[in-house]
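As given, the protein sequences belong to chains A and B, one line each in that order. Be aware that the first sequence starts at 6, since it is given in the working numbering, and climbs by one per residue. Be aware that the second sequence starts at 6, since it is given in the working numbering, and climbs by one per residue. We put the CB at the ideal spot given by N, CA and C, even for glycine.
2 protein chains.
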Amino acid sequence: MARLEGRRQAPTIKVVAAAAGVSTATVSRVFSRPHLLRESTVAHVTEIARELGYRPSHTARALSTGRLGMIAVVVPDIANPFFPPVIRAAQAHAGAGGVSTVVGDTDEDPAKELDLLAELERRTDGVVLVSSRLPEEQVREIAARGHPLVLVNRDVRGVPRILVDSAPGIREAVDHLAGLGHRHLAYISGPAGSWSDEQRRVALRARCAELGITATVLRPHRPEHDEGRAAAAEVLATGATAAIAFDDGLAQGVLAGMAESGVAVPAEISIVGCDDILAATTYPPLTTVHGRGGEAGRLAVELLMELVERPGGERDRRVLLPSHLVTRSSSAPAPAAPAAPRR
Amino acid sequence: MARLEGRRQAPTIKVVAAAAGVSTATVSRVFSRPHLLRESTVAHVTEIARELGYRPSHTARALSTGRLGMIAVVVPDIANPFFPPVIRAAQAHAGAGGVSTVVGDTDEDPAKELDLLAELERRTDGVVLVSSRLPEEQVREIAARGHPLVLVNRDVRGVPRILVDSAPGIREAVDHLAGLGHRHLAYISGPAGSWSDEQRRVALRARCAELGITATVLRPHRPEHDEGRAAAAEVLATGATAAIAFDDGLAQGVLAGMAESGVAVPAEISIVGCDDILAATTYPPLTTVHGRGGEAGRLAVELLMELVERPGGERDRRVLLPSHLVTRSSSAPAPAAPAAPRR
DNA sequence: TGCTCGCGTGCAACCGGTTGCACGTCAAGT
DNA sequence: ACTTGACGTGCAACCGGTTGCACGCGAGCA
Numbered sequence: 006m007a008r009l010e011g012r013r014q015a016p017t018i019k020v021v022a023a024a025a026g027v028s029t030a031t032v033s034r035v036f037s038r039p040h041l042l043r044e045s046t047v048a049h050v051t052e053i054a055r056e057l058g059y060r061p062s063h064t065a066r067a068l069s070t071g072r073l074g075m076i077a078v079v080v081p082d083i084a085n086p087f088f089p090p091v092i093r094a095a096q097a098h099a100g101a102g103g104v105s106t107v108v109g110d111t112d113e114d115p116a117k118e119l120d121l122l123a124e125l126e127r128r129t130d131g132v133v134l135v136s137s138r139l140p141e142e143q144v145r146e147i148a149a150r151g152h153p154l155v156l157v158n159r160d161v162r163g164v165p166r167i168l169v170d171s172a173p174g175i176r177e178a179v180d181h182l183a184g185l186g187h188r189h190l191a192y193i194s195g196p197a198g199s200w201s202d203e204q205r206r207v208a209l210r211a212r213c214a215e216l217g218i219t220a221t222v223l224r225p226h227r228p229e230h231d232e233g234r235a236a237a238a239e240v241l242a243t244g245a246t247a248a249i250a251f252d253d254g255l256a257q258g259v260l261a262g263m264a265e266s267g268v269a270v271p272a273e274i275s276i277v278g279c280d281d282i283l284a285a286t287t288y289p290p291l292t293t294v295h296g297r298g299g300e301a302g303r304l305a306v307e308l309l310m311e312l313v314e315r316p317g318g319e320r321d322r323r324v325l326l327p328s329h330l331v332t333r334s335s336s337a338p339a340p341a342a343p344a345a346p347r348r
Numbered sequence: 006m007a008r009l010e011g012r013r014q015a016p017t018i019k020v021v022a023a024a025a026g027v028s029t030a031t032v033s034r035v036f037s038r039p040h041l042l043r044e045s046t047v048a049h050v051t052e053i054a055r056e057l058g059y060r061p062s063h064t065a066r067a068l069s070t071g072r073l074g075m076i077a078v079v080v081p082d083i084a085n086p087f088f089p090p091v092i093r094a095a096q097a098h099a100g101a102g103g104v105s106t107v108v109g110d111t112d113e114d115p116a117k118e119l120d121l122l123a124e125l126e127r128r129t130d131g132v133v134l135v136s137s138r139l140p141e142e143q144v145r146e147i148a149a150r151g152h153p154l155v156l157v158n159r160d161v162r163g164v165p166r167i168l169v170d171s172a173p174g175i176r177e178a179v180d181h182l183a184g185l186g187h188r189h190l191a192y193i194s195g196p197a198g199s200w201s202d203e204q205r206r207v208a209l210r211a212r213c214a215e216l217g218i219t220a221t222v223l224r225p226h227r228p229e230h231d232e233g234r235a236a237a238a239e240v241l242a243t244g245a246t247a248a249i250a251f252d253d254g255l256a257q258g259v260l261a262g263m264a265e266s267g268v269a270v271p272a273e274i275s276i277v278g279c280d281d282i283l284a285a286t287t288y289p290p291l292t293t294v295h296g297r298g299g300e301a302g303r304l305a306v307e308l309l310m311e312l313v314e315r316p317g318g319e320r321d322r323r324v325l326l327p328s329h330l331v332t333r334s335s336s337a338p339a340p341a342a343p344a345a346p347r348r
């Protein structure tokens, strides 16, 4: 029964102190505020600690300082390819600052989002909330609870936020298509109430108006492949020679829908996506508006860390990240006549 | 400057105890081992705690019990659509048990994986390691550190593991194609050294041999779209009338490559994927072997929780999850003659 | 020589729970 | 009536660090 040979317990500050012949306070300071100590002391204790394999306990530290050394990134759907770059960038940036990152997935469900946020507030020093599906009112309430919070792609006044500004990219897209001779564009709307969707729609309308070309806005769509496939017919019905979709997933669906209808992309109709989350994995490779999710993630963490350091800091930061068009092969000169389904 | 009206501190066990006229020990027991207490006491304290909005502190609890109430799921690439279902299922199952889940992304980098695991061991009660890219030797070492660990899709003896067994699905796929009249199949290999790849390759060869049809195995490919596109030409060069790809991403690339070459799928060649991670988002919708990532995630967490409860438990559990074929539209009867590129 | 001052370190309380042990109470057993 | 024991609760130590305060020492200054 003697299990003495078992797992060696992780050494505590106490055994390091004893081994180094100093008090636990000194060991503690070596790892948290070494500038208060004589250099030789720091060196000595560090050496002993290294030999013993000592690592300060996050838990104990958290208990006395109130700092968990951990932040959260919450997204609506981890499987949506827009988010992984955001998460990854956040993770990398936080890690560089000695802070761990946890990822939360709300499954596109506002109720889950609420619960998750409550839980994460107790587990982390701060939260990056990406594309929240909560009503603005609730976002405000959450922010008011005082736990550091930074939003991404959600524009709520009084809450620090990073916004990918689709407008420049959309304008470029419209210019690009107009330059190819298209005189009638369709916009395939995303989820009703989405901040990004509204921004894109408005930018598209405005630019089309400036250039004097026609813009038809289709009904809202969930950003999913099937919806895009269905939207293909709607696009053809408008007589537009080019369509811009709310996001790449939708655009990919449209591509499939066009293929099914026997309409050639880009020869007969041009398709443009948004977010650049599919890279060149579609056929034909998709012309799209690059969303810069990575930068957004990095900046959000940066802002969040500031808030964690100084809870009194600026609460109304609003950062806009301009987007831009990436031209691939799903856009081409306008055909002589609008396309029509062939089968 | 009087900030007294500021944030109300979260109430501690002490204030609840005082308000309820009991000791802190009692309050503690109400929340951890209520069966030790008289029912009326539990009810009374619970009520007071509710009024005060008291929630036990994870940190403090962790310090005295050594249980963090958190587990980790580590994946090589959060952007690879195979993993989100695994993660989500794990999250759901752990959450139901009152345990939080952290997601780690190793970016396909073994060095990062090693660091991340070390960090997570100190932050969690246990780790689910999915599709580890580490050499078996290292996986063993990590398991030997005694921190509860469950592998998914990695078959290392002596470490509890959940394996998606592709063999049944592959056999079904071969049978399906053979039934459609195909007499020559190509297998587009995945990453060299991947456990899943080897399993799929072996199963395919074996089943083809049994049915007396030809199997050509192509070189290893990274599981990415571009590689698949390139592989299309290799497939055509073999003269096979059907191809099974290591995963859906690769298969999707092959689809694009075939489209570029003007070869019709499935009329001229049939394509089958693995993992069923793209659902019906390809064109044509992909016939594929369903991987059951979700179940794997759920089971892994279940096993892990057991290990956390009883560190002395069974260390060599090995669970196999059978896969099966999902037939969509990328497979069809064999053409009279093998396809050749048209452009 | 005596006084001040600053630096480096230690003491001990504290963060917010958990838990072994002891104590008091009350019902059942003899 | 007295012992026994189960049950419910409290006391206080403990988990592993952090930190305000005090103390001792040596240098600088008058």
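Going straight from the alpha carbon of residue i to that of residue j, what length do you get?
i	j	result
A25(B)	E319(A)	40 Å
R72(A)	F251(A)	40 Å
R347(A)	L283(A)	28 Å
A341(A)	G302(A)	44 Å
T287(B)	G254(B)	10 Å
G11(A)	L291(A)	Residue confidence for G11(A) is low, a pLDDT of 39 falling below 50, so the modelled location carries little weight; the figure read from the coordinates is stated next. Each residue's alpha carbon lies about 58 Å from the other.
G174(B)	H63(B)	44 Å
S334(B)	A256(B)	13 Å
K19(B)	I92(A)	39 Å
F36(B)	P289(B)	55 Å
G163(A)	D321(A)	5 Å
A67(B)	A77(A)	19 Å
M6(B)	R60(B)	Any answer about M6(B) is weak, because its pLDDT of 32 lies below 50 and its placement is not dependable; what the coordinates show is given next. In a straight line, the C-alpha of M6(B) is about 30 Å away from that of R60(B).
Per DSSP, what kind of secondary structure is residue i in: helix, strand or coil?
i	result
I53(B)	helix
L291(B)	coil
R159(A)	coil
D170(B)	strand
R323(A)	strand
L260(A)	helix
D280(B)	strand
I218(B)	coil
T332(A)	coil
H226(B)	coil
L9(B)	Low local confidence applies: a pLDDT of 34 at L9(B) is under 50, so the model's placement there is unreliable, with the coordinate-based value given in what follows. Coil.
R347(B)	coil
S275(B)	strand
For residue i, which residues in chain A fall below 9 Å Cβ to Cβ?
i	result
E146(B)	Residues of chain A passing the Cβ test: none, with the nearest at roughly 14 Å.
A264(B)	A264, Y288, P289
Run down chain A in chain order and give the residues with a C-beta less than 8 Å from the C-beta of residue i.
i	result
Q96(B)	D110
Tell me which residue opens and which closes the beta strand (DSSP E) that residue i is part of.
i	result
D231(A)	First-last for D231(A): 230–243, but that is the alpha helix (DSSP H), not the beta strand (DSSP E).
S105(A)	105–110
G249(B)	Note that residue 249(B) corresponds to Ile in the displayed sequence, not to Gly. Note, I249(B): beta strand (DSSP E), 247–250.
Going by DSSP, what residue range makes up the alpha helix (DSSP H) through residue i?
i	result
V164(A)	Note, V164(A): premise wrong, no alpha helix (DSSP H); not H, not E.
G4(A)	Since the first and last residues shown for chain A are 6 and 348, residue 4(A) lies out of range.
I147(A)	141–149
V27(B)	Neither: V27(B) is in no alpha helix (DSSP H) and is coded neither H nor E.
P90(A)	88–101
R66(B)	63–70
Quick one: which chain B residues come within Cβ less than 8 Å of residue i?
i	result
R128(A)	H63, M75, S105
H230(A)	A284, A285, T286
Q257(A)	T286
Taking the DSSP output, what are the residues bridged to residue i?
i	result
V268(B)	In the DSSP output, where bridge partners are listed per residue, V268(B) has none listed.
S194(B)	The partner list for S194(B) (beta bridge, DSSP) is empty, contrary to what the question assumes.
G131(A)	I76(A)
S137(B)	According to DSSP, S137(B) bridges with nothing at all.
L154(A)	V132(A)
H189(A)	T219(A)
Which bits of chain A does residue i rub up against, with CB to CB less than 7 Å?
i	result
P343(B)	Residues of chain A passing the Cβ test: none, with the nearest at roughly 22 Å.
P89(B)	I83, A84
Since residue i meets chain B, which of its residues come closer than 7 Å, beta carbon to beta carbon?
i	result
E124(A)	S105
A214(A)	Within chain B, no residue comes near A214(A); the closest Cβ sits about 34 Å away, beyond 7 Å.
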